[in-house]
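Chains as they are written, first to last, in this note's numbering: chain F, 1 to 131; chain U, 132 to 262.
Protein chains: 2
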Amino acid sequence: MHYSIRQVSEQTDLSEHALRFYEKEGLLPPIERSPSGIRRYSDEDMECLNLICCLKNTGMSIRQIKTFMELCAKGPETLKARCEMLREHKGAVEAQIEEMNRHLIKVTHKISCFTAQYEEYRDGCNKGMSD
Amino acid sequence: MHYSIRQVSEQTDLSEHALRFYEKEGLLPPIERSPSGIRRYSDEDMECLNLICCLKNTGMSIRQIKTFMELCAKGPETLKARCEMLREHKGAVEAQIEEMNRHLIKVTHKISCFTAQYEEYRDGCNKGMSD
DNA sequence: ATAAACCTTCACGTTAACTCTAAGTCAACC
DNA sequence: GGTTGACTTAGAGTTAACGTGAAGGTTTAT
Chain F
1 MHYSIRQVSE QTDLSEHALR FYEKEGLLPP IERSPSGIRR YSDEDMECLN
51 LICCLKNTGM SIRQIKTFME LCAKGPETLK ARCEMLREHK GAVEAQIEEM
101 NRHLIKVTHK ISCFTAQYEE YRDGCNKGMS D
Chain U
132 MHYSIRQVSE QTDLSEHALR FYEKEGLLPP IERSPSGIRR YSDEDMECLN
182 LICCLKNTGM SIRQIKTFME LCAKGPETLK ARCEMLREHK GAVEAQIEEM
232 NRHLIKVTHK ISCFTAQYEE YRDGCNKGMS D
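Next comes the structure, spelled out in structure tokens:
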């Protein structure tokens, strides 16, 4: 099966602009063309894009994704390096999530502070207004 | 107690530029000045900055922080709105973390795939090399 | 008195990730 | 043959957030 850039754009939530951009930047291998130069994405290309989106969604930069995809293109002797890169990336993302959680605790604390202040203030306003 | 901009910069990990910038942008109330115009940060200002950093660390934009701090400056009748804003922000951050975790699962899966491929490849290379 | 630390204003820088423009090609239909 | 519309290219422009830098002047500390 082959797909036009429009179809790929719809399936991946990447704009056609972005797809050409990724190809130009070397994130994707050069896409097969029809005799008249029109891109024909293969299922293999779709898998690459799936992986790219996965990395992108976890905040990997275009530059790093490029490095990773270049390893992919070099064949199986880079499999170990790829595993290492992914594991490192995973660690970084996990660290980021942990940091977020730590900061979130502070926000939660602030919410308690403001909530307590609010209740105090509200009760102050209502003083002697009941019965 | 009062602090110079330098001291505050060191305590908060914000540059002096950033401190002036935040004040200009209205994230901070106008800071008290010495007769000659030099900023003297109070403990209250430090608390504001603490809150600002807290929001900033969880990814709140400068614009939103400004909105929040303006509410703070308006006094206790905005306490409820402030609580709501913080809770909403917290929800957004939590959602973001959840999304990250979802994406991370995919990365983990990819790692398994590559690891399996790598082991297969490595074993293939070593075929007949033992005994 | 001299050097560090502070002040203001305004323009400019940085990074990332596109996105748009202009000019052109190609295939199909009328 | 002409028009439409989807595609191509290279390269410039955009957006957004977040400051940073430089110039030029004042104040404070030793």
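Every residue gets a Cβ at the ideal spot worked out from N, C-alpha and C, and that includes glycine.
Residue i, enclosing alpha helix (DSSP H) - first and last residue
i	result
threonine 246 of chain U	210-257
methionine 177 of chain U	174-188
arginine 33 of chain F	Here arginine 33 of chain F belongs to no alpha helix (DSSP H), and DSSP marks it neither H nor E.
leucine 145 of chain U	Looking at the DSSP string, leucine 145 of chain U is not in any alpha helix (DSSP H), and its letter there is neither H nor E.
arginine 40 of chain F	That residue, arginine 40 of chain F, is in no alpha helix (DSSP H); it is neither H nor E in DSSP.
lysine 197 of chain U	193-204
Residue i burial status per 10 Å Cβ neighbour count (16 or more: buried)
i	result
aspartate 123 of chain F	exposed
methionine 1 of chain F	exposed
cysteine 244 of chain U	exposed
arginine 213 of chain U	buried
Straight-line Cα distance separating residue j from residue i
i	j	result
asparagine 188 of chain U	isoleucine 38 of chain F	45 angstroms
glutamate 250 of chain U	glutamate 77 of chain F	11 angstroms
isoleucine 236 of chain U	glutamate 70 of chain F	23 angstroms
lysine 241 of chain U	cysteine 48 of chain F	12 angstroms
threonine 67 of chain F	glutamine 117 of chain F	52 angstroms
histidine 220 of chain U	asparagine 181 of chain U	17 angstroms
isoleucine 97 of chain F	histidine 103 of chain F	10 angstroms
glutamate 215 of chain U	arginine 20 of chain F	43 angstroms
glutamine 142 of chain U	alanine 226 of chain U	31 angstroms
aspartate 13 of chain F	serine 34 of chain F	23 angstroms
isoleucine 31 of chain F	leucine 86 of chain F	24 angstroms
arginine 6 of chain F	glutamate 16 of chain F	7 angstroms
asparagine 126 of chain F	isoleucine 183 of chain U	31 angstroms
alanine 149 of chain U	glycine 157 of chain U	12 angstroms
valine 61 of chain F	aspartate 174 of chain U	Just to set this straight, residue 61 of chain F is serine in the shown sequence, not valine. So the two alpha carbons sit approximately 40 angstroms from each other.
glycine 206 of chain U	tyrosine 121 of chain F	11 angstroms
valine 107 of chain F	glutamate 99 of chain F	13 angstroms
serine 167 of chain U	lysine 155 of chain U	19 angstroms
Reference residue i, options the options, closest by Cα
i	options	result
asparagine 101 of chain F	U/Thr198, U/Ile193, U/Leu186	U/Leu186
alanine 92 of chain F	F/Gly59, F/Ser4, F/Ser34	F/Gly59
serine 4 of chain F	F/Tyr41, F/Tyr22, F/Leu14, F/Glu23	F/Tyr41
glutamine 64 of chain F	F/Asp45, F/Tyr22, F/Thr108	F/Tyr22
aspartate 45 of chain F	F/Cys83, F/Asn126, F/Val8	F/Val8
cysteine 72 of chain F	F/Ala18, F/Tyr121, F/Leu28	F/Leu28
lysine 211 of chain U	F/Leu79, F/Thr115, F/Thr108	F/Thr115
The ligand GDP heavy atom lying under 6 angstroms from the CB of residue i
i	result
tyrosine 172 of chain U	For the ligand GDP, the structure offers nothing, since it holds no ligand at all.
| task | With 7 angstroms as the C-beta to C-beta threshold (strictly closer), list the residues of the stretch 61-82 of chain F near chain U in chain order. | result | Pro76, Leu79, Lys80, Arg82
| Got a sec: which bits of the stretch 212-238 of chain U sit with their beta carbon under 9 angstroms from any beta carbon on chain F, in order along the chain? | Arg213, Cys214, Leu217, Arg218, His220, Lys221, Val224, Glu225, Gln227, Ile228, Glu230, Met231, Asn232, Arg233, His234, Leu235, Lys237, Val238
| said: Please identify, using Cβ separations under 7 angstroms, the residues of the stretch 175-194 of chain U that lie next to chain F, in order along the chain. | reply: Leu182, Cys185, Asn188, Thr189
| task | Check distances from the C-beta atoms of the stretch 239-252 of chain U to those of chain F and list, in chain order, the residues that come in under 8 angstroms. | result | Thr239, Lys241, Ile242, Phe245, Thr246, Gln248, Tyr249, Tyr252
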